[in-house]
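Structure, as structure tokens:
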Amino acid sequence: MYKLYATLRKDLLLLLRDKVGITFIFIMPVILVLIITSIQNSAFDIVNNNKVPVLISNQDNGEAAVQFLDALDKIGLFELHLLRDSVNPVDLAARMHQEDALLAITIPIGFSERVSKRAVITANKAFQILETPESKSTQPLVSDTVILYYHPVLQDNYRLNIQNGLHSALKMVETKQILKVVYQSLNEDANVQQVDEDIFKSGIDVLEVPVSRGGIKTIPNATQHNIPAWTIFAMFFIVISLGSSLVKEKLSGSHLRLKTLPTNYLISLVSKLILYTGVCLGQVLVIFSLGVWLFPHIGLPALNLPQDLFGLFLVSLISALCAVSYAICIGVYARTQEQANGFGAVSIVILAAIGGILVPAFAMPEAFRSFMAISPLHWSLESYYGLFLEGGKLSDVWGNLLPLLAITFILQILAFAGLKKNNLI
Amino acid sequence: MAVEAESALKLDKLSFQYKGSPAPSIKDLHLEVRKGERFGLLGPNGAGKTTLMHLLCGLLLPGSGSIKLFDTDLSESKISHRKRFGFVPQDFSFYPELSPVENLNFFGAWYGLKQDRIMKRSKELLHILGLTEVKDKAVKTFSGGMKRRVNLAIGVIHKPQILFLDEPTVGVDVQTRNAIIAYLKQLNRDGITLFYTSHQMKEAEELCERIALIDEGKIVVSGSIFQLLNDNKEQDLEKLFLKLTGKDFRD
Chain E
1 MYKLYATLRK DLLLLLRDKV GITFIFIMPV ILVLIITSIQ NSAFDIVNNN KVPVLISNQD
61 NGEAAVQFLD ALDKIGLFEL HLLRDSVNPV DLAARMHQED ALLAITIPIG FSERVSKRAV
121 ITANKAFQIL ETPESKSTQP LVSDTVILYY HPVLQDNYRL NIQNGLHSAL KMVETKQILK
181 VVYQSLNEDA NVQQVDEDIF KSGIDVLEVP VSRGGIKTIP NATQHNIPAW TIFAMFFIVI
241 SLGSSLVKEK LSGSHLRLKT LPTNYLISLV SKLILYTGVC LGQVLVIFSL GVWLFPHIGL
301 PALNLPQDLF GLFLVSLISA LCAVSYAICI GVYARTQEQA NGFGAVSIVI LAAIGGILVP
361 AFAMPEAFRS FMAISPLHWS LESYYGLFLE GGKLSDVWGN LLPLLAITFI LQILAFAGLK
421 KNNLI
Chain Y
1001 MAVEAESALK LDKLSFQYKG SPAPSIKDLH LEVRKGERFG LLGPNGAGKT TLMHLLCGLL
1061 LPGSGSIKLF DTDLSESKIS HRKRFGFVPQ DFSFYPELSP VENLNFFGAW YGLKQDRIMK
1121 RSKELLHILG LTEVKDKAVK TFSGGMKRRV NLAIGVIHKP QILFLDEPTV GVDVQTRNAI
1181 IAYLKQLNRD GITLFYTSHQ MKEAEELCER IALIDEGKIV VSGSIFQLLN DNKEQDLEKL
1241 FLKLTGKDFR D
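One line per chain: the protein sequences are E and Y, in this order. The first sequence begins at 1 in our numbering and counts up one residue at a time. The second sequence begins at 1001 in our numbering and counts up one residue at a time.
Spelled out as structure tokens, the structure:
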């Protein structure tokens, strides 16, 4: 035991004196988590809390055009800026850049008249069907176009969301116009305004409930998503420090002497496994603490820890063991520090990408999804998400921990084989 | 009747060839070093000295032949057998980021010593080798001579029965060299057998009782220095060395 204690002490001293290594292990992940969470939180705010500024060039000014603008305003997605003068498309683009508007809408001349005509035709069709069900109107509908200009920076899904908002406003206008024709045909004294309100005020609400295990109703946010993901990334990025430290030791004179001593080299690896697993758990502690205590003070959502804290510890421990085993494997097989650093860093970025850390799993092409299973980061992330986002317990994430343990075991076997091949044990 | 001294090291028909190398580095080597002896293996660069040293320490495995350390064949010995020898490699073999005390603590533990024994031996060694004042400073800040002394201290912390020294005074000043040679003689007086390699003839004359000249992996001559100089009618070891190994570059 004293041999292991002395080796642990030696490894700890070497680690503490490696300032660059410490920076990689603790400072870099903290910066990474802060930056990514802030960026994503700000993106969430833009989409969820802010209204989109829209320039409106109303070249019609008729009743339907006013109703359309009123409907757009009521949807709550947009902040309308009416342009007083009629502007051509080139000028409109210039104004969008000047006023930092991501969208502009042109309502063409005659828009209200065409909407009104369309309403009359549609209403007449309805009356004809009511009077003589077998009759068919041959009068064509009058089509129209509202032009939407958008900044290319807008993502497809966000633009689709805006288009849905526009279509919903246009439908509201069209329906109002049709109803107006219908009411006026039936009873000229009808209070159209009152009926409109009754019809358009929906009596059916949509109640949003996040689906989670165990009845937890914590709404996922940028912090809940990013902290677990980037903590895993940081743990696996330990390959830079540990992998290259193993190679450095292997190439140094001290290793030559170690091989002549009456002690199995495995002790050195066990020491590194224990020490760096502790370091990874330290990373978890630091990053999670930041999420819980620092984030609320800098305007970011606080991290809500899962209820099953033992489950959280076990997931972190197994992830850490896997990360350290990966780094040891790289260290055993790499022949130079450059190889260990280069391959280690690139491979972790690739494993993070296919594991769903950089890009959400659902957004990945089908072909890539089949590779997810080989990434230990994927299983680690799924386990964390099971606890953090779904409110699960250890029993709910075992299915993800078993593959992670299997990968860890395979990495240990590979490292052992590499040491045996190089006559180190 | 004279009693023949016990053997500390015995090499029998030892051969070794590196992978991809056209010729063996060690060829059919026979050699015996007796207990308590100060033995020098001399040869030009590339003669096979370091290769032989690595074979003796188990860093390389012989192609053929045998190495017996205190009558135990190295290929059959257990890992614990390594306690019987100490190794002072030509290259610095310690952790430069650690202090001499920290290095000795770690390597002492790996030699199987207990903590109190390590502390006692460390104090003793640091005093003898003049490192007490810098015992807590990182070795990377030391001069070449101080690093050589740390290298030596680690190799002898467990008081081995035989000490393998691969050019232990390379790159040091006269004072450090003299201190190291004096300490090695002291170790020998305490009963430790010395197996030393060098191409520094004067130093070998000063330290060794018997020598062997190795060239191209083979022992050219071996015996006591006096006997070899007498037999070859030379006045010093350097002239004998040049006579037997030639004046051309060898590496």
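All residues carry an ideal CB built from backbone N, CA and C; glycine is no exception. Remember, predicted model here, so these are calculated numbers, not experimental data.
Original post:
Going along the chain, which unbroken runs of the beta strand (DSSP E) with 3 or more residues stay wholly within the region 1080 to 1134 of chain Y?
Top reply: You should have 1085 to 1088.
**OP:** Look up Y385 of chain E in the DSSP assignment and give the residues it is bridged to.
**Re:** Residue pairing by DSSP leaves Y385 of chain E without any beta bridge partner.
**OP:** Could you round the C-beta distance between I1204 of chain Y and G1130 of chain Y to whole angstroms and report it? I think they count as a contact, below 8 Å.
**Re:** Here residue 1204 of chain Y is Ala; the residue named in the question, Ile, does not match the sequence. Wrong, their Cβ atoms sit about 24 Å apart, outside the cutoff.
Original post:
In three-state terms, what does DSSP make of E1032 of chain Y?
Top reply: It is a strand residue.
Original post:
Between which two residues does the beta strand (DSSP E) carrying L82 of chain E extend?
Top reply: Per DSSP, L82 of chain E belongs to the beta strand (DSSP E) from F78 to L82.
Original post:
What does Y149 of chain E pair with, by DSSP beta-bridge criteria?
Top reply: Per DSSP, the beta bridge partners of Y149 of chain E are E:A104.
Original post:
Going along chain Y in order, which residues have a C-beta closer than 7 Å to the C-beta of S245 of chain E?
Top reply: Residues of chain Y with a Cβ closer than 7 Å to the Cβ of S245 of chain E do not exist, since the nearest Cβ in that chain sits about 11 Å away.
**OP:** Go ahead and pull the three-state DSSP assignment for V20 of chain E.
**Re:** When DSSP states are grouped into helix, strand and coil, V20 of chain E belongs to the helix group.
Subject >> For I1067 of chain Y: DSSP bridge partner residues >> reply: Bridge partners of I1067 of chain Y: Y:L1011.
**OP:** Under 7 Å between beta-carbons, which chain Y residues line up against R17 of chain E? List them in chain order, please.
**Re:** Correct list: E1097.
Original post:
Start and end of the beta strand (DSSP E) containing V52 of chain E?
Top reply: For V52 of chain E, the enclosing beta strand (DSSP E) has its first and last residue at V52 to N58.
**OP:** Would you verify that the beta carbon of Q1115 of chain Y is, or is not, closer than 8 Å to some beta carbon of chain E?
**Re:** Yes - at least one Cβ of chain E is within 8 Å of the one on Q1115 of chain Y.
**OP:** Have a look at F388 of chain E and K1137 of chain Y and give me their C-alpha separation to the nearest angstrom.
**Re:** Using only the alpha carbons, I get a separation of about 47 Å.
Subject >> Beta-carbon proximity of C427 of chain E to L404 of chain E, cut-off 8 Å >> reply: In the structure as shown, chain E begins at 1 and stops at 425. Residue 427 of chain E is therefore absent and cannot be evaluated.
Original post:
Between the region 1080 to 1106 of chain Y and chain E, which residues of the former have CB atoms less than 7 Å from a CB of the latter, in chain order?
Top reply: In summary, the residues of the region 1080 to 1106 of chain Y whose CB is separated from some CB of chain E by less than 7 Å are S1080, R1082, K1083, F1087, P1089, D1091, F1092, S1093, F1094, Y1095, E1097, L1098, E1102, N1105 and F1106, in the order they occur in the chain.
**OP:** Please list the partners that I1026 of chain Y has in chain E, where partner means a Cβ-to-Cβ separation under 9 Å.
**Re:** In chain order: nothing, as chain E lies at least about 18 Å away.
**OP:** Counting only runs of 4+ residues fully inside the region 249 to 313 of chain E, write out the alpha helix (DSSP H) ranges in chain order.
**Re:** Within the region 249 to 313 of chain E, the complete alpha helix (DSSP H) segments of 4 residues or longer fall at 253 to 258 and 266 to 289, listed in chain order.
Original post:
Is the beta carbon of L1184 of chain Y within less than 7 Å of some heavy atom of the ligand FAD?
Top reply: The model on display carries no ligand, and the ligand FAD is accordingly not part of it.
Subject >> Any C-beta of chain Y under 8 Å from that of N422 of chain E >> reply: Not an interface residue.
**OP:** Could you name the residues of the same chain whose beta carbon sits closer than 7 Å to that of A353 of chain E, not counting the 5 residues immediately before and after it, in chain order?
**Re:** Excluding five sequence positions before and after A353 of chain E, the CB atoms of its chain that fall closer than 7 Å to its own CB belong to V359, given in chain order.
Subject >> Rounded Cβ spacing between P1160 of chain Y and R1210 of chain Y (contact assumed at less than 8 Å) >> reply: By a beta-carbon distance limit of 8 Å, P1160 of chain Y does not contact R1210 of chain Y. Their separation comes to about 19 Å.
Original post:
Beta-carbon of N304 of chain E versus every beta-carbon of chain Y: anything under 8 Å?
Top reply: Chain Y, which has no Cβ nearer than 8 Å to the Cβ of N304 of chain E, makes this no.
**OP:** Check F1164 of chain Y in the structure and name its three-state DSSP category.
**Re:** In the structure shown, F1164 of chain Y sits in a strand (DSSP, three-state: E or B).
**OP:** Compare the C-alpha of Y1327 of chain Y against each of E:S245, E:S42 and E:L103 and name the closest.
**Re:** In this structure chain Y extends from 1001 to 1251, so residue 1327 of chain Y is not present and cannot be described.
Original post:
Under three-state DSSP, which class holds T336 of chain E?
Top reply: Residue state, collapsed to three classes: coil.
Original post:
Can you tell me the Cα-Cα spacing of L1207 of chain Y and I1181 of chain Y, whole angstroms?
Top reply: If you draw a straight line from the Cα of L1207 of chain Y to the Cα of I1181 of chain Y, it is about 7 Å long.
Subject >> Length of the line joining the Cα atoms of S1122 of chain Y and Y1183 of chain Y >> reply: Those two C-alpha atoms are separated by around 15 Å.
**OP:** Report yes or no: is there a C-beta of chain Y within less than 8 Å of the C-beta of K272 of chain E?
**Re:** No - not a single Cβ of chain Y is within 8 Å of the one on K272 of chain E.
Subject >> the region 24 to 35 of chain E touching the region 78 to 98 of chain E, judged by at least three CB pairs closer than 8 Å >> reply: The region 24 to 35 of chain E is not in contact with the region 78 to 98 of chain E.
**OP:** Out of Y:T1193, Y:K1027, Y:L1009 and Y:L1074, point me to the one whose CA is closest to V1156 of chain Y's CA.
**Re:** Looking at the Cα atoms, Y:T1193 is the closest of the given residues.
**OP:** Keeping to the same chain, check which residues put their C-beta closer than 6 Å to that of L955 of chain Y; ignore five residues upstream and five downstream.
**Re:** Absent from the model: residue 955 of chain Y. The displayed extent of chain Y is 1001 to 1251, so no value can be given.
Subject >> Buried or exposed (CB count within 10 angstroms, at least 16 for buried), E1167 of chain Y >> reply: Answer is buried; the Cβ neighbour count reaches 16.
Original post:
Could one say the Cβ of L8 of chain E lies closer than 8 Å to chain Y's Cβ atoms, at least one of them?
Top reply: Not closer than 8 Å to any Cβ of chain Y, the Cβ of L8 of chain E fails to qualify, so no.
**OP:** Measure from the C-beta of Y1111 of chain Y to each C-beta in chain E and report whether the shortest distance is under 8 Å.
**Re:** Output row for Y1111 of chain Y: interface = yes.
**OP:** Can you give me, in chain order, the residues of the region 250 to 262 of chain E that have a beta carbon less than 9 Å from any beta carbon in chain Y?
**Re:** Within the region 250 to 262 of chain E, the residues whose Cβ lies closer than 9 Å to some Cβ of chain Y are S252, G253, S254, H255, L256, R257, L258, K259, T260, L261 and P262, listed in chain order.
Original post:
Under 8 Å between the Cβ atoms of V292 of chain E and L303 of chain E?
Top reply: In terms of Cβ geometry, V292 of chain E and L303 of chain E form a close pair [threshold 8 Å].
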